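Order-wise, the sequence lines are chains A, B, C, D, E and F.
Using this note's numbering, the letters of the first sequence map in sequence onto residues 24 to 286.
Using this note's numbering, the letters of the second sequence map in sequence onto residues 24 to 286.
Using this note's numbering, the letters of the third sequence map in sequence onto residues 24 to 286.
Using this note's numbering, the letters of the fourth sequence map in sequence onto residues 24 to 286.
Using this note's numbering, the letters of the fifth sequence map in sequence onto residues 24 to 286.
Using this note's numbering, the letters of the sixth sequence map in sequence onto residues 24 to 286.
6 protein chains.
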Amino acid sequence: MYSDYEFLKVEPGADRVLRITMNRPEKLNASGEIGHAEQGRIWREFDADPEMNVALITGAGRAFCAGGDIKEGNGPLPVDTRDGRALVRNMIACRKPIVSAINGVAVGGGLAIALLADISIASERAVLIDGHVRLGLAAGDHAALVWPLAIGMARSKYHLLLGNRITGREAAEIGLVGTCVPHEDLMPTANEIATRLAEGPQFAIQGTKAALNDWYLHNIGIFEHSLYVEALSATLPDAEAGIRAVREGTEPEFPGAVNSDRY
Amino acid sequence: MYSDYEFLKVEPGADRVLRITMNRPEKLNASGEIGHAEQGRIWREFDADPEMNVALITGAGRAFCAGGDIKEGNGPLPVDTRDGRALVRNMIACRKPIVSAINGVAVGGGLAIALLADISIASERAVLIDGHVRLGLAAGDHAALVWPLAIGMARSKYHLLLGNRITGREAAEIGLVGTCVPHEDLMPTANEIATRLAEGPQFAIQGTKAALNDWYLHNIGIFEHSLYVEALSATLPDAEAGIRAVREGTEPEFPGAVNSDRY
Amino acid sequence: MYSDYEFLKVEPGADRVLRITMNRPEKLNASGEIGHAEQGRIWREFDADPEMNVALITGAGRAFCAGGDIKEGNGPLPVDTRDGRALVRNMIACRKPIVSAINGVAVGGGLAIALLADISIASERAVLIDGHVRLGLAAGDHAALVWPLAIGMARSKYHLLLGNRITGREAAEIGLVGTCVPHEDLMPTANEIATRLAEGPQFAIQGTKAALNDWYLHNIGIFEHSLYVEALSATLPDAEAGIRAVREGTEPEFPGAVNSDRY
Amino acid sequence: MYSDYEFLKVEPGADRVLRITMNRPEKLNASGEIGHAEQGRIWREFDADPEMNVALITGAGRAFCAGGDIKEGNGPLPVDTRDGRALVRNMIACRKPIVSAINGVAVGGGLAIALLADISIASERAVLIDGHVRLGLAAGDHAALVWPLAIGMARSKYHLLLGNRITGREAAEIGLVGTCVPHEDLMPTANEIATRLAEGPQFAIQGTKAALNDWYLHNIGIFEHSLYVEALSATLPDAEAGIRAVREGTEPEFPGAVNSDRY
Amino acid sequence: MYSDYEFLKVEPGADRVLRITMNRPEKLNASGEIGHAEQGRIWREFDADPEMNVALITGAGRAFCAGGDIKEGNGPLPVDTRDGRALVRNMIACRKPIVSAINGVAVGGGLAIALLADISIASERAVLIDGHVRLGLAAGDHAALVWPLAIGMARSKYHLLLGNRITGREAAEIGLVGTCVPHEDLMPTANEIATRLAEGPQFAIQGTKAALNDWYLHNIGIFEHSLYVEALSATLPDAEAGIRAVREGTEPEFPGAVNSDRY
Amino acid sequence: MYSDYEFLKVEPGADRVLRITMNRPEKLNASGEIGHAEQGRIWREFDADPEMNVALITGAGRAFCAGGDIKEGNGPLPVDTRDGRALVRNMIACRKPIVSAINGVAVGGGLAIALLADISIASERAVLIDGHVRLGLAAGDHAALVWPLAIGMARSKYHLLLGNRITGREAAEIGLVGTCVPHEDLMPTANEIATRLAEGPQFAIQGTKAALNDWYLHNIGIFEHSLYVEALSATLPDAEAGIRAVREGTEPEFPGAVNSDRY
């Protein structure tokens with residue numbers, strides 16, 4: 024099992040913890056097309072693996088995951104709805120607990136993984152950014168579903184519409200992640216928690232997670248709404264302008280700031 | 024457009040920001056019947072105006088808005104369900120983002136506007152009070168829908184049942200507003216945010232708002248429940264006692280504290 | 024009325040406050056079978072009592088309530104679904120406001136009462152623990168319904184899956200309770216709030232509570248899910264191991280840590 | 024038990040079936056204030072009675088229940104929200120199955136009982152009418168919650184807005200009741216079904232009912248909305264006109280047909 | 024008022040009924056870009072008109088409305104999400120009752136109007152077709168929200184996935200419309216119902232409609248999901264093939280029948 | 024692919040239709056432990072197979088599927104929650120359309136498959152029975168989620184609480200299946216529909232299905248409630264009595280008909 028992953032390094036442990044590393048550190052673990060697909064399908068394989076109880080995911084090097092690799096063109100493409108949808112729905116549907124150790128910057132699909140994990144642990148060096156709007160895209164992969172139920176509506180809109188940077192410390196203070204620890208404690212803490220969960224009563228743990236996740240499913244139309252409105256936004260000139268600006272390191276000028284009522 | 028407003032001062036900007044001021048400072052911007060109607064219908068006109076991208080609302084003088092003008096009799100009347108309903112539903116249905124700059128006291132319908140805005144920015148001088156219960160009324164205009172999804176159920180009941188004063192600072196700490204800034208920074212911050220949003224990718228911004236607002240619509244029956252139970256409470260002796268006490272500056276004695284099982 | 028209670032001391036006050044004390048201090052107010060049934064049915068009697076407006080519940084001695092009396096065998100039995108279900112659904116259905124004064128440790132059914140109260144006031148000596156998972160049980164009595172809407176999903180999973188101790192102070196900071204006060208202020212504060220509510224406009228107060236509680240009912244399937252998945256978990260070997268460990272004061276070894284995919 | 028009922032005849036059977044008869048045949052079993060209260064509280068007593076498994080309710084004489092006794096003044100009064108709410112919520116919350124034998128006309132609160140029963144059996148002589156709108160009232164006791172989930176939205180609006188008469192046969196054909204039988208078979212069929220249920224596996228039956236009823240609770244805000252909008256409509260001139268017309272046997276002229284935008 | 028409509032003929036009546044006719048009979052009332060926009064905004068103007076109580080909409084000539092005018096290019100364009108969204112959300116948000124007299128074929132946006140009306144009356148000559156899938160589009164304008172709550176899930180999927188023709192008679196039998204009448208009775212029946220509603224108690228009627236429509240809003244994310252997944256489908260080759268086939272009168276060959284896992 | 028199935032015969036077609044046959048005709052296709060597991064996992068494999076667009080499932084011989092093989096002991100065991108849950112959730116989560124050709128009796132898990140298919144086609148020889156209650160079990164695998172949204176609440180309770188037999192013809196008339204055809208037309212019709220879907224625009228078809236299925240997910244807690252209350256009912260004496268009666272061909276006597284208030 025797990026032999027056919029490129030972007031992810033997947034290591035089944037004797038302690039029943041499946042350690043997953045997003046492993047393209049030279050690109051801040053930004054995912055190209057292959058990586059994005061792997062981010063979606065790993066959860067079903069983990070869920071079906073009778074040897075593994077808990078998944079622990081982190082990023083190699085300085086970053087957790089910088090999202091889609093916009094510079095390589097894996098940005099706002101139609102293909103995204105398939106893989107982005109798989110990522111969100113498979114993490115929610117997964118019976119087994121997932122721990123994220125957010126070691127650095129988490130953006131886009133990387134942020135989705137960080138926050139859809141059941142136990143999210145941020146390093147003090149973590150930086151969480153939902154950058155969709157700055158790219159000219161609607162916030163479509165997880166945020167509309169996950170954020171209001173984590174930090175409330177007022178803060179969700181404040182951060183999502185403005186694309187604010189949120190440090191690991193602040194994320195813990197507002198409830199976006201479970202806890203924040205000094206950077207050197209991140210992996211020890213995450214491993215300790217993952218191991219403890221793996222030694223625990225699995226049916227009880229899985230049942231507790233499943234009941235809590237009903238909150239997401241009872242509102243899953245919101246996720247789908249956001250997913251496809253993002254996909255549509257990706258076909259409009261604003262996305263082109265936003266992505267070009269990122270590639271060129273300039274400030275975007277959005278044509279859709281004028282005559283927006285045409286859409 | 025916007026020529027027929029009395030209570031509101033409505034100023035379309037060249038920067039595509041519609042600046043709206045509740046403008047009856049001698050009454051702390053309390054709204055009489057006309058003002059209450061304007062508070063409900065402005066959002067549809069803004070939404071339909073192809074020139075404006077963002078609305079920014081604040082209050083003239085010391086207050087944001089002291090709610091209905093109880094002393095003039097625009098308190099708990101049946102007419103309120105029409106205008107109060109329009110205010111809440113039109114703000115939620117509005118595609119475009121709304122920013123509130125909460126410059127002072129916000130009560131009743133004023134508080135509803137402050138908190139239904141997508142980006143709520145409180146001055147350190149802001150004071151937020153949902154005073155329904157103290158008036159003998161059920162909390163009916165926005166709170167039952169908005170507060171639990173902003174600050175959680177425990178805090179919502181604590182503040183709503185007891186009618187507590189919440190400062191701008193505390194509101195930011197518990198997530199009832201997006202942020203709190205020193206008073207002198209309020210309007211600069213609000214204008215900077217509104218302008219930035221107006222220059223942004225409108226379809227993406229509107230789509231993000233719309234997906235987030237599904238959380239409200241998925242539970243809209245709760246708002247309607249609260250709206251009409253307030254309207255019914257306004258026909259009972261407790262409301263008479265509560266409102267008389269406010270007018271006379273005394274402590275209310277609620278007849279409905281005894282034999283409440285009759286209702 | 025209220026003459027047939029053993030575990031609960033029930034005192035109707037002239038101030039229309041029904042004071043309820045979990046009264047088995049030598050067992051930290053752990054409830055045996057009789058007590059658990061009383062914890063479920065008291066709310067319907069209170070609700071039907073035309074003389075009482077508000078209930079105020081606390082624990083005798085050092086503890087609020089240590090949950091089911093596992094050492095006496097009133098742990099994970101089928102009978103629990105009847106009484107546990109009554110406790111949760113009757114507290115939610117109760118029209119009248121309930122105040123909890125959390126004077127010490129609150130666990131299991133005791134924690135459910137503490138947090139399903141409309142106004143939850145914690146002493147600085149309070150300690151809140153949802154210990155289900157440590158016992159090998161799914162978190163089934165109130166938490167899956169109540170916690171995400173109080174403290175958000177990230178914190179809910181963090182605390183529920185790991186069975187963390189939460190102090191009264193921290194509970195107030197994250198919004199799990201309405202407020203936290205120094206221990207000596209607990210009962211004065213709780214009595215002041217209860218009395219104030221009892222003198223208030225009952226229809227308005229009850230209507231406000233009812234509208235807010237729609238949030239629970241709109242997701243009641245989540246509670247039922249958690250209730251019966253707990254009941255099923257109680258029939259599995261993990262629960263036996265977990266409860267034995269508590270009785271013996273040892274660390275549990277959960278057989279369900281291996282081959283969990285059988286369930 | 025059951026000794027203090029006037030309007031209802033309540034007969035506990037040795038077969039564990041509680042037979043309940045609305046018993047004011049000279050008034051077509053229209054309920055005055057006392058009767059309406061009994062229609063609400065009987066379900067809690069039945070639910071708590073360890074000897075009874077199933078309730079079977081019908082009407083004495085020609086009618087099932089003609090609703091509130093408008094001619095005696097027990098029509099649209101504030102008190103209705105208390106008792107009408109109890110009726111609907113207690114029938115939904117009741118763990119045990121309820122069978123209605125709809126022997127004739129069923130209107131208002133009578134119709135609510137007929138259709139909130141778990142097994143509704145109509146005689147060919149049954150006539151079901153939700154007459155709220157004809158009385159100038161919003162349809163507030165059960166219909167907005169129950170009808171769309173029974174017969175769909177198109178039919179619900181068609182019948183509720185127009186106040187159509189629906190025969191027992193038609194009610195069965197569109198799914199508003201479980202079945203329709205010839206009049207002489209009504210009580211034998213109802214008794215056979217009630218007895219069969221009473222001999223069945225009670226936990227399984229109750230659990231099946233409870234899971235199905237989650238559909239109602241997941242949308243309970245709709246019921247509350249309709250309940251209080253009806254209560255408010257009862258304070259408006261249209262209700263006065265509608266009720267006067269019924270009392271006088273004339274066609275109503277609704278003042279609210281003009282200037283309706285005032286509300 | 025109503026002077027600036029081209030596609031719609033709008034006639035305010037002295038009987039407080041606003042008669043609206045889709046009026047492009049030579050094209051079976053297919054709407055081009057202008058018509059589609061009018062189909063969305065008329066409901067807000069009607070809602071705000073204090074003189075009108077009820078809207079009655081039908082089609083000129085043989086058809087009710089053949090949907091978007093695919094042959095003129097007003098088919099699956101991005102602009103559709105704006106107007107299609109307005110149509111659906113404004114009809115649901117409209118306080119006042121809407122009657123549709125379905126005189127012939129109803130497709131696409133025309134079908135949405137026919138079925139989002141509160142009272143839908145079909146002629147025996149009516150034919151209802153949701154043709155999205157045949158065009159290579161997801162069924163996105165109203166069906167995913169409206170059909171399951173009208174005719175159930177099994178029938179909804181059966182008809183929507185296969186794009187079946189449904190006659191007016193069958194539509195009435197399965198509950199997709201309120202009733203079906205012989206063609207010559209259609210307008211007399213529709214006018215009689217509209218007039219009766221217009222003479223009725225408007226607050227009660229509007230309140231009943233509003234409570235029932237909460238069912239839609241509680242699931243509005245489903246509509247948005249379907250709307251934007253349709254919009255995305257319109258950017259894919261299948262839509263091009265489907266629309267070309269309609270224009271050319273041939274059978275489509277969908278490239279997306281192969282390699283569909285790419286999306 | 025598909026090589027490791029025993030109970031299911033799985034045949035990938037060149038027409039992109041995956042034909043699945045429950046293949047144990049000598050037992051009326053009752054599933055033992057292996058078969059039940061296969062009924063749950065096949066949908067994920069189908070969903071991930073890039074060559075297949077549509078699944079078509081039927082039963083070998085006279086029956087569609089008689090449910091769990093009670094006589095072999097694969098009845099109400101804890102293991103059921105794993106496989107039963109997988110069956111229901113995987114069918115709902117499956118992007119691709121599933122067609123069921125209900126050729127004979129469909130009970131238990133077989134009925135779940137028949138009705139969770141997107142297009143359900145019944146033979147005139149089909150007989151649908153949800154027999155849970157007769158076995159002493161709560162109706163837990165699909166019915167509480169699926170039936171109310173197909174045939175309405177009144178009919179759902181009528182049939183589920185009484186365990187009625189429903190013929191294919193009646194199932195089509197009440198909307199429990201999409202259509203009913205003469206037995207000899209069953210497989211031709213099913214194949215024609217499956218082939219037509221497989222040649223259709225897959226993204227559009229999948230998107231339409233997904234939006235409709237949000238209705239299930241928005242209420243998924245109801246399914247989970249029913250699943251685990253069934254699992255708990257399986258541990259009680261009633262289930263033992265019910266299953267023994269089936270095995271012995273006698274009428275069950277349920278001990279839980281008395282003292283049911285203990286649970």
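Glycine residues also receive a C-beta, built at the ideal position from the N, C-alpha and C atoms.
Computed from a predicted structure; not experimentally measured.
For F:I243, at least one C-beta of chain A is nearer than 8 Å to its own C-beta.
Checking the DSSP bridge columns, you'll see F:V150 partnered with F:V128 and F:T190. By the Cβ-count criterion, E:D27 is exposed, with fewer than 16 other Cβ atoms from all chains shown falling within 10 Å of its own Cβ. If you compare the alpha carbons of B:G279, B:G191 and B:A162 with that of B:S179, the shortest gap goes to B:A162.
When 7 Å is used as the limit between beta carbons, F:D237 is near these residues of chain A: I243, G244 and E247, in chain order. DSSP places B:L79 in the strand class (E or B) of the three-state scheme. Assignment of alpha helix (DSSP H) within the region 39-71 of chain D, counting only whole runs of 4 or more residues, yields 56-71 in chain order. Under a 10 Å Cβ-count criterion, D:G272 is classified as exposed, with fewer than 16 other Cβ atoms of the shown protein chains found around its own Cβ. In the three-state scheme derived from DSSP, where H, G and I count as helix and E and B as strand, E:K119 is classed as coil. For B:L255, the nearest beta carbon of chain D is closer than 8 Å to its own beta carbon.
Residue-level contact by beta carbon holds for B:R112 and chain E, with a gap shorter than 8 Å.
Look at F:V281 here: in three-state DSSP terms it is coil, with no helix or strand label. The DSSP-derived three-state label of C:L199 is coil. When beta bridges are read from the DSSP output, E:A145 appears opposite E:I125 and E:C203. In the DSSP annotation of this structure, the continuous segment of the alpha helix (DSSP H) that includes C:E215 starts and ends at L209 to A221. Here the C-alpha atom of C:N242 lies approximately 25 Å from the C-alpha atom of C:G159.
Nearest in C-alpha terms to F:W238, of all of E:F277, E:A166 and E:G55, is E:A166. Boundaries of the alpha helix (DSSP H) harbouring B:L250: I243 to S256, taken from the DSSP string.
Straight-line spacing of the CA atoms in B:V122 and B:A53 works out to 20 Å.
Put simply, the backbone Cα of A:F277 is about 18 Å away from that of B:G36. At a beta-carbon threshold of 8 Å, the residues of chain A lying near B:D141 are K180 and L184, ordered along the chain. Listed in chain order, the positions of the region 214-231 of chain E with a beta carbon within less than 9 Å of a beta carbon of chain D are I216, R219, L220, A221, E222, G223, P224, Q225, F226, A227, I228, Q229, G230 and T231. Here E:D106 has H59, A60 and G63 as same chain residues with Cβ atoms under 6 Å from its own Cβ, once five neighbours each way along the sequence are excluded. Using a 10 angstroms sphere on the CB of E:R42, the tally of other CB atoms reaches 16 or more, which defines it as buried. Nearest CB-CB separation between C:D164 and chain A: not below the 8 Å threshold. For C:P260, the secondary structure class from DSSP, reduced to helix, strand or coil, is helix. Residue nearest to C:A89 within the set C:H155, C:L220 and C:M210 is C:H155 (criterion: CA-CA distance). Below the 8 Å Cβ cutoff, chain D contributes P73 as neighbours of F:D284, in chain order. The closest CA to that of D:R270, considering only D:R157, D:A173, D:F226 and D:H248, is found on D:R157. For D:K32, the enclosing beta strand (DSSP E) stretches over residues L31 to P35.
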